[in-house]
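The next block holds one structure in the form of structure tokens; read it before the comments.
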Amino acid sequence: YEIEAVTGVQTCALRSRTRKNKEEVRIHARTAAEKVAARMDELMTTPPFVDSHILHRLRGYLALYIGDLSILTPWEYKIEGESEGASAWVRRLEAERGEQLKTEMVEVARTHFDVARRRGGNIPEWEVVETALGYEDEST
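Right, here's the structure in full:
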């Protein structure tokens, strides 16, 4: 078995491709989760689903998931060797929008957890604490 040496250029290209694939997966997952959330919101306006504390709790989790998927990973902020050009500016705007969307999704989750609690659902204490504090992601 012969192992080929990978040059620095090949390694850089491989990392770039991997990063691009990860971002595509993140965007695809967020889009799919947003579609599920929209369908749940529609469904939860009609009986008997409007009174379901289980659906409200699930919708709260989905909001937190969407919020997490909205945050750009650190390597998405700046590409190695890139000047402070228009693409870097666009990524900064995307990062700011992601932070704003995450904050909004924490509020959506808090609202759904409150509704679930009022409708008789058992909301674990960690959910109450995390949403009250702003749900800090451990990876940040």
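If you read the sequence shown in the working numbering, its first letter stands for residue 10, the second for the next number, and so on. Glycine included, C-beta positions come from ideal geometry on N, C-alpha and C. Since the model is a prediction, treat every value here as computed from it, not as a measurement.
Range covered by the alpha helix (DSSP H) that runs through residue i
| i | result |
| --- | --- |
| leucine 78 | 62 to 78 |
DSSP state of residue i mapped onto helix, strand, coil
| i | result |
| --- | --- |
| threonine 27 | helix |
| arginine 128 | coil |
| methionine 53 | coil |
Whole-number beta carbon distance between residue j and residue i, since they are thought to touch under 8 Å
| i | j | result |
| --- | --- | --- |
| histidine 65 | glycine 129 | That pair is no contact at about 11 Å. |
| alanine 38 | leucine 78 | 6 Å |
| leucine 110 | glycine 76 | 7 Å |
| valine 115 | leucine 73 | 7 Å |
| alanine 42 | leucine 71 | 6 Å |
In the region 96 to 128, which residue ranges form an unbroken beta strand (DSSP E) of at least 3 residues, counting only runs that do not cross its ends?
Entirely contained in the region 96 to 128, not one beta strand (DSSP E) run reaches 3 residues.
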